[in-house]
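Asks: Residue numbers (full-length UniProt numbering): 1 to 133. For every residue, glycine included, the Cβ atom is placed at its ideal position computed from N, Cα and C. Model, not experiment: these values are computed from the prediction. Let me give you the structure first, and then I'll get to my questions.
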Amino acid sequence: MLTNAAVKPVRPRAAAYKIFDERGLNLYVAPNGRKSVRMKFHFEGRGKLSTIGTWPEVSLVDAQARCEQAHELLGRGVDPSSKSAAAAAVQGKPSQRQLQPPGLLLWLRQSLAAARSAETERRALPTQRCIDT
């Protein structure tokens with residue numbers, strides 16, 4: 001677990017590096033000496049990275065609390081890095097993803113794929129020529 005005592009003596013190196021904590025929280029140490037507290041997470045199948053702030057402006061205890069809040073939002077289906085996530089966290093409103101009917105996204109993807117296929121076939125037909133022998 002990252003602590004102030006562990007972070008204070010950390011020195012920059014020629015290349016940037018990370019010191020990992022639990023649940024995706026890490027300390028990113030840049031070659032110029034800046035120490036940023038960041039959180040890595042997955043949302044809708046994609047890896048994302050969110051910078052919480054620079055140390056010591058943001059304490060590690062505060063960063064860990066923000067990380068916990070972000071994991072709560074992820075559990076509710078809200079992207080913690082989006083601007084609307086803060087409003088959703090405060091108001092407790094369901095996200096757009098939670099309101100959509102189950103399977104809607106899959107149906108839309110299949111419908112759009114079918115429409116693209118039909119359009120591609122329609123465009124290809126006039127260019128095909130029959131050769132009479």
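Which of the three DSSP states is assigned to N26 in this structure?
Replies: Here N26 sits in strand by DSSP.
Asks: Drop a sphere of 10 angstroms on the beta-carbon of M1, count the other beta-carbons inside from all chains shown, and report buried for 16 or more, exposed for fewer.
Replies: So M1 ends up on the exposed side.
Asks: Look at the alpha carbon of residue 141 and the alpha carbon of R38, and state the distance between them as a whole number of angstroms.
Replies: With the chain covering 1 to 133 only, the question about residue 141 has no answer from this structure.
Asks: State the DSSP-derived secondary structure class of L2, mapped to helix, strand or coil.
Replies: Residue state, collapsed to three classes: coil.
Asks: Taking the CB atoms as reference points, tell me whether G24 and K40 lie closer together than 9 Å.
Replies: It is a contact, given that the beta carbons lie within the stated cut-off.
Asks: Taking a contact to mean a Cβ-Cβ separation below 9 Å, would you say F43 touches P80 in this structure?
Replies: Yes, they are a contact pair.
Asks: Quick one: using the 10 Å Cβ neighbour count with 16 as the cut-off for buried, is T133 buried or exposed?
Replies: With a pLDDT of 49 at T133, under the threshold of 50, the predicted position of this residue should be treated as unreliable, though the coordinate-derived value follows. Classification of T133: exposed, given that the 10 Å Cβ count is below 16.
Asks: Kindly list the residues whose CB is nearer than 7 Å to the CB of L74, restricted to its own chain and excluding five residues on each side of it in sequence; keep chain order.
Replies: Only F41, F43, P80 meet the Cβ criterion.
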